[in-house]
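Engineer: In the numbering used here, the protein residues as written are 676 to 829.
Even glycine gets a Cβ: it sits at the ideal position worked out from N, Cα and C.
Predicted model, so just to flag it, every value in this text is computed and none were measured.
(1) Who does residue 776 pair with in a DSSP beta bridge?
(2) Would you mind giving the Cβ-Cβ distance between residue 697 and residue 782, rounded to the nearest angstrom? I have them listed as a contact below 8 Å.
(3) Give me, in chain order, the residues of the same chain whose beta-carbon lies closer than 6 Å to that of residue 811; leave out the 5 immediate sequence neighbours on both sides.
(4) So, under 8 Å CB-CB, residue 737 and residue 720 are touching, yes? Tell me the CB distance rounded to an integer number of Å.
(5) Excluding five sequence neighbours on each side, which residues of the same chain lie with their C-beta closer than 6 Å to the C-beta of residue 707?
(6) Go ahead and pull the three-state DSSP assignment for residue 809.
(7) So, with DSSP's three-state summary, where would you put residue 676?
(8) For residue 813, which option in 694, 689, 827 and 687 has the closest C-alpha, if you only look at C-alpha atoms?
(9) Using only CA atoms, which one of 735, 825, 823 and 730 lies nearest to residue 766?
(10) Nearest-angstrom Cα distance between residue 808 and residue 827?
(11) What ranges does the alpha helix (DSSP H) occupy inside the segment 683-750, keeping only unbroken runs of at least 4 residues that lie completely in it?
(12) Looking at residue 804: is its Cβ nearer than 7 Å to the Cβ of residue 770?
(13) To the nearest angstrom, how far is it from the Cα of residue 729 to the Cα of residue 819?
Below you can see the structure in the form of structure tokens.
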């Protein structure tokens with residue numbers, strides 16, 4: 676029987692969406708799934724391109740039916756933290772159309788405790804509450820897919 680996992684949560688005071696979960700996989704495997712193009716697309720959208728995995732590096736994440744979204748790498752501290760800013764489809768990244776996603780990884784025996792915090796919703800030109808609710812559901816679904824992929828039940 677599959678364990679119950681808590682969904683992502685919205686904090687309307689700090690304008691963030693966050694989720695923490697335990698994955699039965701090493702930090703190295705989780706890190707690879709978060710940063711390698713070929714592995715990102717196994718759980719997050721349908722395509723990923725991060726050719727320059729250094730701060731300032733540009734790429735895209737693609738989602739079927741939604742197109743490709745621009746990505747800028749912000750932090751790379753293997754295998755502890757990875758952060759990127761992503762923006763609106765077909766537009767350059769700006770403060771009013773992008774949010775910052777930061778993953779933190781902590782070893783827990785042979786497993787990994789993964790936390791994700793997405794911030795910057797208060798700066799968006801669109802309704803921040805609507806955006807947070809949409810991304811809350813997105814992080815719940817996508818991180819469930821990451822767990823299934825890494826734990827072998829995808």
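Structural biologist: Let's see:
(1) Your numbering for residue 776 matches position 101 in the chain shown. Residue 776 has 759 and 793 as its beta-bridge partners, per DSSP.
(2) Looking up residue 697 in the chain shown gives position 22. Looking up residue 782 in the chain shown gives position 107. With a Cβ gap of about 11 Å, residue 697 and residue 782 do not count as contacting.
(3) Taking the chain shown and counting its residues from 1, the one referred to as residue 811 is at position 136. Result list for residue 811: 683, 685 and 692, in chain order.
(4) Here residue 737 corresponds to residue number 62 of the chain shown, with the count starting at 1. Here residue 720 corresponds to residue number 45 of the chain shown, with the count starting at 1. So it is a contact: roughly 5 Å between Cβ atoms.
(5) Working through the chain shown from its first residue, we reach residue 707 at position 32. Taken in chain order, the residues that qualify are 714.
(6) Position 134 of the chain shown, counting from 1, holds the residue named residue 809. Secondary structure of residue 809 (DSSP, three-state): helix.
(7) Taking the chain shown and counting its residues from 1, the one referred to as residue 676 is at position 1. Model confidence at residue 676 stands at a pLDDT of 35, short of 50, so the residue's coordinates are unreliable; what they give is reported in the following sentence. It is coil, neither helix nor strand.
(8) Working through the chain shown from its first residue, we reach residue 813 at position 138. Of the listed residues, the one whose Cα sits closest to residue 813 is 694.
(9) What you label residue 766 is simply residue 91 of the chain shown in a count that begins at 1. When each option's Cα is compared against that of residue 766, the closest is 735.
(10) One-based indexing of the chain shown puts residue 808 at position 133. One-based indexing of the chain shown puts residue 827 at position 152. Distance from the CA of residue 808 to the CA of residue 827, rounded to the nearest whole angstrom, comes to 29 Å.
(11) Assignment of alpha helix (DSSP H) within the segment 683-750, counting only whole runs of 4 or more residues, yields 702-710 and 712-715 in chain order.
(12) For the purposes of this step, residue 804 is taken as the residue at position 129 of the chain shown. For the purposes of this step, residue 770 is taken as the residue at position 95 of the chain shown. At least 7 Å separates the beta-carbon of residue 804 from that of residue 770.
(13) For this step, residue 729 is matched to residue 54 along the chain shown. For this step, residue 819 is matched to residue 144 along the chain shown. The alpha-carbon atoms of residue 729 and residue 819 are separated by roughly 27 Å.
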